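Single-structure report; data block below.
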Amino acid sequence: MERKIVLEARDVSRKVSSPEGELTIVDNVSLAIGAGGTVALVGASGAGKSTLLAMLAGLDVPTSGNVLLDGQDLTGLDEDARARLRANSVGFVFQAFHLLPALTALENVMLPLELAGRRDAAQTARAMLGRVGLAERAGHYPRQLSGGEQQRVALARASVTRPAVLFADEPTGNLDTTTGGSICDLLFELNREAGTTLVLVTHDAALAARCERRLTMAGGRLA
Amino acid sequence: MRTALSLALRTLAREGRSGDLAVLFLALFVAVAALTGVGFLTDRIERAMRMQANEVLGADLRLQSQEPGSDAYAVEALRRGLQRSRVTSTLSVILKDDATQLANVIAAGAGYPLRGELQVATQAFGAPVPAEGIPGVGEVWPDSRLLGALNARIGDMIWIGSTQLRVAKVLISRPDQGSGFVDLAPTLLMNEVDLPATRLIQPASRVSYAALFAGQREAVAQFSKWLEQNKKPAERLRDIAEASPEVNNAADRAGRFLSLASLVGVLLCAVAIAMTARRYVKRHLDFAALLKTLGATRGTVLAISFVQLACIGLMAAAMGALAGYLAQQGLLTLVKGMIAAELPPPSFNPLWMGLAAALLLLTGCAMPPMLQLARVPAIRVLRRDIGPPPLTTLLAYGPAVLVIAVLIRWVTGGGWLSAGFIAGLAGVIALLAVAGWLLVTLVGRLRAGTRIIWRYGAANLARRRAESILQIVALGLGLSALLLLTIVRGDLVEDWRARLPQDPPNYFFVNIGGEERDAFRQLLEGQGAKLSRVLPMVRGRLTSINGAAVAGLRFADGRGEGFAMREQNLSWSDEIGVGNKVTDGHWFTPAEHGEPLVSVASDYREALHLQLGDKLLFNIAGEEVEVAISSFRDVQWDSMQPNFFLMFAPGLLDGAAGTWMASAVYRPEDPARVAQIVRRFPGVSIFDVDQLITQVRSIIDKAVVAVQSVFLFTLLAGVVVLLAAVQATRDERRYESAMLRTLGATRRTVLAGVLLEFALLGLVAGVIAAGAAATGGLFIATRMLEIPYGIDPVLWITGGLTGAVLVCIAGWLATRSALNPPPMQILRQG
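These protein sequences, in sequence, are chains A and B. Number 88 in the working numbering belongs to position 88 of the first sequence; there are no gaps in the numbering. Number 586 in the working numbering belongs to position 586 of the second sequence; there are no gaps in the numbering.
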C-alpha cells in the first residue's frame, strides 16, 4: 500500500559563509518519507546529517530548495509559524536529553502539551510517563534520574503530542549499550503504536539496522 | 499567555531554589536596598537638618515688613495646611521703679516659635530649660541683661508702655535671635494679647512685623512661590539661605553630597544589573532554544522572560526596600548618641523611588539583553555554538543610557549638573573602553614566548575581547564611583571639621567703652576667660559708591539693599582674622596704616557688585570718610570668630568715637559672675553663643553621619558590581579550568592564570578610575560643594592597586569554587 508522504525535501541545500569562502553543508538533497516510516540518516562526522535533520524539522531554513512537513511548505513560514507547526506535528529526542532541570519529569512531559494549548496536559503526560515506565518518578527532577531514565522522559516528551514526525539526534549517543538498546526498543514501540514517522541521525549501526530505510550522507549529499 | 505565565512562575520558583537566579536577585536586592537606604537616610537627615536649620528663623518661612501683614497670607497658609504664627517687635524704654532700660520688645502670637524652642530660666543667666509655649497674658519674660539693668526679679511688675506686666520667667534664648549684633538692646518677650494695652504701636512708631510659616517641605516651597508673587514690594521674604548662611551652607553641601551618593548608587546598580542580566541571558539561551524547538513562539519565550524578570524585579525591590529601611533604622540607632536631635519619621517617598528606580533600571539595563532570548535560533539545541544574532549597539546600550540619563536628571534635579554628570559619565565610559581595547590588543600581541601562566591569563583576556572590554568598563565605573565618593567624602568631612574649631569663643562682648577696655579685660581674665580677639567697632553708613549716592542706586536683591541702606559695624586691625582669606588685592602693609583703604568681604562685594579700587564714602558719626577698596576677603562666617564685612586700614579711624568688642572662651560656673560683669559694665552687651555653636555642631554631626553611612551603602553596591562583573564569565572559566586540569595543569597554574587576568583587568580599570575620580572630584568639590580640593598623586597609585587587589580577591572568590570539583564532573555537565 502506498503511504502518504509526510516529510519531503526538494533540492534542499544549506550554505554558510566561512573565512575560506562559501561552504556547502547540505548539497541539493531530495527525499520523501512516508507516514509511519522509520528512516536512519547515517554518515561520517561532518557529512551534514544534523544540518539536514534541522532543516527537515524546521529548526533551520535551507539556503535553497523546499521542505514540506505534513503537507505544509516550511520555507514559506516565518519563525513563529514554524514553531506552531512544530508544536503540533513534531517531536524531538536529543543526544544530551535536553530536559529542563527546573521542571520535574512530569512537567517536562507536559511542556509541549502546554505550549500547544492542551487543557488535559497533566493527565496525558502522566499516562505517557506510565507508558515509558516512569510513573513512579513523575515528581523527580532530571538530576535525580539516571541517563537512561532521562532519555525515557525525553522520549515521553517527544511522543506525548502524538506528532506526525519524531526526530531523534543520536538518541543513544550518551548511553551505554544495554540502556541504549532498551531506549531503542521503546522508540520503535512508540513509533508503531502511534504510527509516527521516525527520522533519526545515528552512528549506531545496530540502531540504523532496525530502520526501514537507511540514507547515507557524504559530503552533504545522499549517497 | 497562560502557559507562558505558569511556565515562567514554575521555572522561576525552582531556579530560585537552585540558586541560578540568585546573582541577578542579589544585584537588584542590594541595589534597591542601597538606593532606598540612601533615600531614607537622606530624606530623614536632610529633613532633620533643614528643620534644625530653620530654627534659626523660628519658622520655615518668615515674611518681614514695617506694616502688619495682610490677612490674605494667613488665609492662604491655612488653606495649604501650614502652621503659622507672628511676632511684632519694637524698641521701647522699660521701667521699674527708678530704673529704665531701652529694650527690644517682642510680642509673640500663639505657636511661636514654629521651629526650635525658647529657653528660659528662673534667674538671670540661670540654667536654661525649654519653655512651654509663650508668656501668658499679663506676663513678660525679660532676658538676663534687662533683668539686671532693671534690678528686677521674678514676680516683679515692670512697666511696658502704658501697662504693667509681671515678670514670670527669664528669657535665655530664642531660636531666631541670630548671631548678628544688630539687636544690641536687651530683649523682652510678651504675649501679643497684651500689646494693645501697652499702646506702643502708634502711627509713627518703628515697628517690625514678622509672619511665620512652617509645614511640609513641598507645601512650604509652594507657598513661598505664592508669597513671592503676591507679597508687597516692601515685604521681605526670608528663608534659611538668607537668615543664616553658615547653617545653610552645611545643610546644602550635605544635601548635595547625599544626592551625589544616591546617584553613584544608581549608577552602580545599573552596571550590576546589566552585567547580571547578560549572564542570565547566557544561561537561558539553551532553555529558550529548547522551548522554541518544542513549539514555543518568540512571543511566548519573551513573555516567559518578561514575567520572570518582573517577578524578580518586584520581589528584589520590595525586599530591598525593606532591607534599606531596616538598615538605615539600624544605622541610626547605632549613631543615636552622635545626633543631637530626634529625626523626623521617614516618609514613604524613598520607597516609591526605590521601586520605580528598580523597575526603570530593569527595563533599561536588563530588557535589551533579554530580547536575545527571543532571537536565539531553535537550531541551538543541535549546535550549541550558534547563538542569537548580536544586538545593534543602539538597542543594546540605548535604553540603558536613556534610563541612566533619566535617573541622573531625577536625582540631580536637571540643569547643568545633570548635563555635567552625563557628559562625564560618557567620557569615563569611552576612556575605559579605549583602555580596555588597548589592553586586549596589547596582551594578545605580547603573549607569544612567555610562560604558561601569563599566556593563559593573557589568552583569556584577548579571546574574550568584548567581555574583557565590558568588564573593564564595569569595574572602572564601579571603582571610579567609589574612589570619587571616598575623596569627596574625605574632603567634605575634613572641611567641616576644620571650619568649627574644637573650642571656639562662646561669648561675645560688644559696646565696651574705650576707657573701660583694660578694666574689662582684667575682670574677665580674672574670672578665667580666655580672650581671643579685641577689636574696635564704630557704626557707619555707606552713602555713595564711586561718587554715586546709594539712595539712588537700585539693587537686584534685598541683601544688597540691606548692606547699602543699613548702618554697618566697622572695624580695623593690623592682623587679618582667623577664617579670613584675601582673594583679591592684599592685606594692609605697615606702610598703608593710616591710609584711606578698606578690605571688603566677598559677600558684600557680590551684593553690591564692587571692584578693587572702588571708592566708598561712609558717614561715621557725622563725619564723611572716603576709602578705596584695597582687598577682598573670603570670610568663614561659621568659624564663630568675630568678623566684619568692612575692615579699615588701622590708624585711619583712631579718632572716631567708637567702642570695642571682644570674643572669649568663657565658662562661668556661677551665673552670678556674669551678673557681676553686667553690674560693673552696664553698657556692655553680652552674647552667649553656646546655643548657636551647639546648633551648628549638631547640624555638622548629622551631616557627617549621613555622609559616612551613605558611603557605606554605596560601598556595598560597589561590591555587588564587582561580583557581578567577575561572575559574568564564571561558567566559561569553570569549563576552561577543567579542560586545563585534564590536560595536566595544576590547580595552582590555573589559579595563577586567572588571577593574572583579573589583576590586569583591575589595574587598568583602577588607574583609569583614579584619573576619572580625581577629575570628577575636582569638578564636584569646586563647583558643587565649594570646598577646597587638592589633587593627590598617591591616588593614582592607590586607586590602581586597590582596583587590582579588589578585583583579584573577587575573581579568586568566584573562581575558587570552579577549581574544586573534579574536572570530569564539569566536562560532563558541558
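Glycine is no exception: its CB is placed at the ideal position from the N, C-alpha and C atoms. Here the structure is a predicted model, which is why all the values come from computation and not from measurement.
Should residue i and residue j be called a contact, given that it needs their Cβ atoms to be closer than 8 Å?
i	j	result
B/Gly299	A/Leu115	no
B/Leu535	B/Met661	yes
B/Val510	B/Phe687	yes
B/Ala219	B/Arg44	no
A/Ala156	A/Val132	yes
B/Val750	B/Gly800	no
A/Thr216	A/Ala164	no
B/Leu91	B/Leu102	yes
B/Asn580	B/Arg633	yes
B/Gly364	B/Gly324	no
B/Asn506	B/Val674	no
B/Val75	B/Tyr112	no
B/Val301	B/Ala366	no
A/Leu145	A/Ala158	no
B/Ala36	B/Gly313	For clarity, residue 36 of chain B is Thr in the given sequence; the question names Ala instead. Cβ atoms of B/Thr36 and B/Gly313: not closer than 8 Å.
B/Ala774	B/Leu795	yes
A/Leu68	A/Leu77	no
A/Ala9	A/Gly91	no
B/Val140	B/Leu165	yes
Let me know if residue i comes out buried or exposed under the rule of 16 or more other beta-carbons within 10 Å of its beta-carbon.
i	result
B/Pro389	exposed
B/Ser144	buried
B/Phe520	buried
B/Asp194	buried
A/Val6	buried
A/Ala57	buried
B/Trp352	exposed
A/Leu130	According to the sequence shown, residue 130 of chain A is Gly rather than Leu. The residue in question, A/Gly130, is exposed, as its Cβ has fewer than 16 Cβ neighbours within 10 Å.
B/Gln727	buried
B/Ile629	buried
B/Tyr589	Note on identity: in this sequence residue 589 of chain B is Thr, with Tyr being the wrong assignment. Counting Cβ neighbours within 10 Å, B/Thr589 comes out exposed, since fewer than 16 surround it.
B/Phe348	exposed
A/Leu23	exposed
B/Gly337	The predicted model places B/Gly337 with a pLDDT of 49, which falls under 50 and marks its position as unreliable, so this point remains unresolved.
B/Lys225	exposed
B/Thr3	buried
B/Ala745	buried
B/His284	buried
B/Leu652	buried
B/Gly718	buried
What are the partner residues of residue i, as DSSP defines its beta bridges?
i	result
A/Leu69	A/Leu7, A/Gln72
B/Ser92	B/Ala103
A/Thr197	A/Val165
B/Ala601	B/Arg633
B/Pro843	Residue 843 of chain B is absent from the structure shown; chain B starts at 1 and stops at 830.
B/Val87	B/Ala108, B/Ala210
A/Ala218	A/Arg221
B/Asp688	B/Tyr507
B/Ile620	B/Gly540, B/Glu623
A/Lys15	A/Thr24
A/Met128	Its beta-bridge partners do not exist; DSSP assigns none.
B/Ile545	B/Ala548, B/Leu616
Looking at chain D, is there any beta carbon in it that lies within less than 8 Å of the beta carbon of residue i?
i	result
B/Ala378	This model lacks chain D altogether, as its protein chains are A and B.
**Study point:** Whole runs of the beta strand (DSSP E) within the region 475 to 532 of chain B, excluding any shorter than 3 residues
**Key:** Counting only runs of 3 or more, we get 507 to 513.
Exercise for review: Check whether the region 377 to 394 of chain B touches the region 59 to 69 of chain B, taking contact to mean three or more Cβ pairs, one atom from each stretch, closer than 8 Å.
Suggested key: Taking 8 Å as the limit for Cβ pairs, the verdict is that the region 59 to 69 of chain B does not touch the region 377 to 394 of chain B.
Check your understanding: Of all the beta strand (DSSP E) runs that stay within the bounds of the region 74 to 103 of chain A, which reach a length of 3 or more residues?
Key -> Runs of the beta strand (DSSP E) spanning 3 or more residues and lying entirely within the region 74 to 103 of chain A occur at 90 to 93, in chain order.
Practice item. Would you be able to state if there are at least three C-beta pairs under 8 Å between the region 113 to 125 of chain B and the region 162 to 170 of chain B? Key: With the cut-off at 8 Å, the region 162 to 170 of chain B and the region 113 to 125 of chain B touch.
Practice item. Would you check if the region 674 to 685 of chain B and the region 617 to 626 of chain B touch, i.e. whether three or more CB-CB distances between them fall below 8 Å? Key: In short, these stretches do not touch, since the Cβ pair count stays below three.
Exercise for review: Determine contact between the region 560 to 575 of chain B and the region 643 to 655 of chain B, defined as no fewer than three beta-carbon pairs at a distance below 8 Å.
Suggested key: Contact between the region 560 to 575 of chain B and the region 643 to 655 of chain B is present, with at least three C-beta pairs closer than 8 Å.
Exercise for review: Check whether the region 267 to 277 of chain B touches the region 467 to 479 of chain B, taking contact to mean three or more Cβ pairs, one atom from each stretch, closer than 8 Å.
Suggested key: Three or more beta-carbon pairs separated by less than 8 Å link the region 267 to 277 of chain B to the region 467 to 479 of chain B, which places the two stretches in contact.
Exercise for review: Would you be able to state if there are at least three C-beta pairs under 8 Å between the region 753 to 769 of chain B and the region 800 to 810 of chain B?
Suggested key: Short answer: they touch.
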